[in-house]
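Just below is one structure, and these are the notes that go with it.
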Amino acid sequence: MKYSELKQSLKNHKLRITDCRMDVLAYFKEMQRALSFKDLEDKFQEYDRVTLYRTLHSFEENGLLHKIPGDSGSAVYGLCNDCDVESHHHNHMHFKCTSCGTTECIDVPVEIPALSLPKNYKMTDMDVIVNGVCNTCNSN
Numbered sequence: 000m001k002y003s004e005l006k007q008s009l010k011n012h013k014l015r016i017t018d019c020r021m022d023v024l025a026y027f028k029e030m031q032r033a034l035s036f037k038d039l040e041d042k043f044q045e046y047d048r049v050t051l052y053r054t055l056h057s058f059e060e061n062g063l064l065h066k067i068p069g070d071s072g073s074a075v076y077g078l079c080n081d082c083d084v085e086s087h088h089h090n091h092m093h094f095k096c097t098s099c100g101t102t103e104c105i106d107v108p109v110e111i112p113a114l115s116l117p118k119n120y121k122m123t124d125m126d127v128i129v130n131g132v133c134n135t136c137n138s139n
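Just so you know, we're using numbering that gives the first Met the number 0 here: the sequence shown kicks off at 0 and counts up by one.
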């Protein structure tokens, strides 16, 4: 993705343009899969942990990323496709490869079954994670 497109994406999500934000956004676009904090920490050793945490938090708060629950309380983050500051929604499935551990957003339309919750329960989010073997691992 071009530098000008990255800048515009940050502006569209009402975020200041910083080197860290530009680098992290470019990395998410390049990898095209969900990334963990550890992935970012390993890639961007020039930025301290607090800066990376704040970057992830601001991206999530402003509709650039969404959090995907992981194993044992950890999380990975995926790029949002059509979210913005006012409207942040994720009605799609995620796929976690049991072989290589990568998590991907499944953005093709897949019907997610409606849930009937007990009375007095109100759903705010639903995380659907399908486990299996990804296309890359399946080819090997």
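Every residue, glycine too, gets a C-beta built ideally from N, C-alpha and C.
Asked: Any alpha helix (DSSP H) of 4 or more consecutive residues that is wholly inside the segment 48-120; Found: 48-60
Asked: N- and C-terminal bounds of the alpha helix (DSSP H) containing residue 134; Found: 134-138
Asked: Contact under 8 Å by Cβ, residue 70 with residue 91; Found: no
Asked: N- and C-terminal bounds of the beta strand (DSSP E) containing residue 128; Found: 127-131
Asked: Collapsed DSSP secondary structure at residue 39 in the structure displayed; Found: helix
Asked: Inter-residue CB distance, residue 77 and residue 33 (contact presumed, cutoff 8 Å); Found: 4 Å
Asked: Residues bridged to residue 34 [DSSP beta-bridge criterion]; Found: 76
Asked: Where residue 29 falls: helix, strand or coil (DSSP); Found: helix
Asked: Collapsed DSSP secondary structure at residue 124 in the structure displayed; Found: coil
Asked: Environment of residue 102 [buried if 16+ CB atoms lie within 10 Å]; Found: buried
Asked: Residues near residue 42 by beta carbon distance below 8 Å, same chain, minus five either side; Found: 26
Asked: Straight-line gap, residue 53 to residue 114 (C-alpha atoms, nearest Å); Found: 34 Å
Asked: Nearest residue (CA-CA) to residue 64, options 111, 12 and 94; Found: 12
Asked: Nearest-angstrom Cβ-Cβ length linking residue 36 and residue 55, presumed shorter than 8 Å; Found: 7 Å
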